[in-house]
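Asks:
Residue numbers (our numbering), protein chains in the order written: chain A, 1 to 261; chain B, 262 to 522.
#1: Hey, is residue 11 (chain A)'s beta-carbon within less than 8 Å of any beta-carbon in chain B?
#2: Ignoring anything shorter than 4 residues, give me the alpha helix (DSSP H) runs that lie fully in the segment 440-486 of chain B, in order along the chain.
#3: Roughly how many whole angstroms lie between the Cα atoms of residue 25 (chain A) and residue 478 (chain B)?
#4: Does the segment 323-340 of chain B touch the segment 409-417 of chain B, meaning 3 or more C-beta pairs lie closer than 8 Å?
#5: So residue 125 (chain A) contacts chain B; which residues on that side make the cut at Cβ distance below 8 Å?
#6: Considering Cα atoms alone, identify which of A:128, A:204, A:242 and A:139 is closest to residue 188 (chain A).
#7: Please confirm if residue 351 (chain B) has its CB atom under 8 Å from at least one CB of chain A.
#8: Am I right that residue 355 (chain B) and residue 263 (chain B) are in contact with their C-beta atoms under 8 Å? What's the rounded C-beta distance?
#9: Can you tell me whether residue 134 (chain A) is buried or exposed? The criterion is at least 16 other CB atoms within 10 Å of its CB, across all chains shown.
#10: Can you confirm whether the segment 430-447 of chain B touches the segment 460-469 of chain B when touching is taken to mean that 3 or more C-beta pairs between the two stretches lie within less than 8 Å?
#11: Do we get a CB-CB distance below 8 Å when we pair residue 494 (chain B) with the residues of chain A?
#12: Write down every uninterrupted run of the alpha helix (DSSP H) in the segment 325-411 of chain B whose length is 4 residues or greater and which is fully enclosed by it, in chain order.
#13: Looking only at its own chain, which residues have a Cβ that is under 6 Å from the Cβ of residue 501 (chain B), when we skip the five neighbours before and after it?
#14: Would you call the segment 431-440 of chain B and the segment 478-490 of chain B in contact, with 3 or more CB pairs under 8 Å?
#15: Let me know the secondary structure DSSP gives residue 55 (chain A) once reduced to three states.
#16: Given residue 507 (chain B), which residues of its chain have a CB within under 7 Å of its CB, disregarding the five upstream and five downstream residues?
#17: May I ask you to list the residues that DSSP assigns as paired with residue 10 (chain A)?
#18: If you measure beta-carbon to beta-carbon, which residues of the segment 356-382 of chain B are closer than 7 Å to chain A?
#19: Determine the chain B residues that contact residue 76 (chain A) at a beta-carbon separation under 7 Å, and present them in chain order.
#20: List the residues of chain A whose Cβ lies closer than 9 Å to the Cβ of residue 341 (chain B), in chain order.
#21: Report the rounded CA-to-CA distance for residue 270 (chain B) versus residue 350 (chain B), giving the unit in angstroms.
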């Protein structure tokens, strides 16, 4: 049995997230159907994480097993011929037998895109969160530091998914100004349900003066979701970088990927 | 009676072009409906040109008359509250009594976006034309020169719209490389039906060796649409700059507008 890893990207606007759900169109189901047509057998695809409805992936890793003989380098073209234009596979490789798209993932980076504009940009509809005024970068930077490190992140997760533990390690939580955009970058060993969006929503609350930067450590310590800021809208969130060991890691450029939107 | 000029932009993917047509969703009709809700009376809107189905406008000028008293600076916000997210009004001004969005337009620039990639980018679906290999920039530049100047452009227009004359003046027809994109920029005093896309299709034929750069003057002189290249797909085409005299011209920055896509 071969273990295949594929690299893809998708515009999540039309999807009810990654994970297959009854009665909803999801990326996983869309990819499984394309793989079944290519491989000629039923395929169970594992993703590197569950993105929510409307969340995008600039980069994503999915894995599946097959006894088919199609060369790995032909898989992207073959899958793309059965995929809709908002999902695109760019690379594929034979992975080690113990590779698992979610369990082997060492860390992930999400980028949240805030566009500062009083007028909506029709080309960014469902692809960014619009705010009318410049967020307060200093207040945000002061608050963002509190998320870095190993913490119990229960205060910034939505209930709905079972997890063994709500402790995660955030490697960085930073912002970057790029023209009229403010990009929030959060890298962690794993993300709880809605965690990236709740962190951004909390930082925007700090920017607006609804919370103080120095409140954030106590909010985290409380484990109380009601004390943190709201969950920012899904359209601004993109999965932007993935880190894996070995040959699959090389496919993802050791985390170095283009961050153009 | 006031004569109002508005500046807008739209993602054309979901529209059957600018101009109202029976049974099709168009940008004109969408804007007229929003204006009627804002102004409380029927509104006939004139656009700066007919963009085809699926063609985009980074910038667009539309005009209408009203006896309403709403201040011009409140019009963008008021219209946007009734417009879908893929159409957005960014500015409005009281225009001189003789202003007409199409007749007063001195020149327009269209930009055609070709992305060089063997893999589709899901975020550019319906927003760019993908080619697997780098076009031959030297051959294209040599051929593009032939379009500049005052010519009869009947060889690069599709039949379907009545016009008094098929003579137009092209101020420039150039390409620019931008990362893995090749941008075609064509500026003219007016465009015939499908003219920008037929020019791009002809230049891509030259790049591929299906036509020679030195064939282009004879093709133009023939006035025979069958001799030129195909009409490039609509999703790559954007209206990017407009020039008007007087106060409306100032609203369009004297042709200087951001060309970010």
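Every residue, glycine too, gets a C-beta built ideally from N, C-alpha and C.
Replies: Working from what's here:
#1: yes
#2: Positions of the alpha helix (DSSP H) runs, each at least 4 residues long and wholly inside the segment 440-486 of chain B, are given as 456-468 and 477-483 in order along the chain.
#3: Cα to Cα, the separation comes out at about 51 Å.
#4: no
#5: 272, 346 and 347
#6: A:242
#7: So yes, residue 351 (chain B) belongs to the interface.
#8: 6 Å
#9: exposed
#10: Because the criterion of three Cβ pairs below 8 Å is met, the segment 460-469 of chain B and the segment 430-447 of chain B touch.
#11: no
#12: Within the segment 325-411 of chain B, the complete alpha helix (DSSP H) runs of at least 4 residues are 336-341 and 398-405.
#13: Exclusion of the five residues before and after residue 501 (chain B) leaves 319, 370, 372 and 520 as the residues of its chain whose Cβ lies within less than 6 Å of its Cβ.
#14: no
#15: Coil, per DSSP.
#16: 357
#17: A:57 and A:87
#18: 380, 381 and 382
#19: 380
#20: Listed along the chain, the chain A residues whose CB falls inside 9 Å of the CB of residue 341 (chain B) are 119 and 120.
#21: 7 Å
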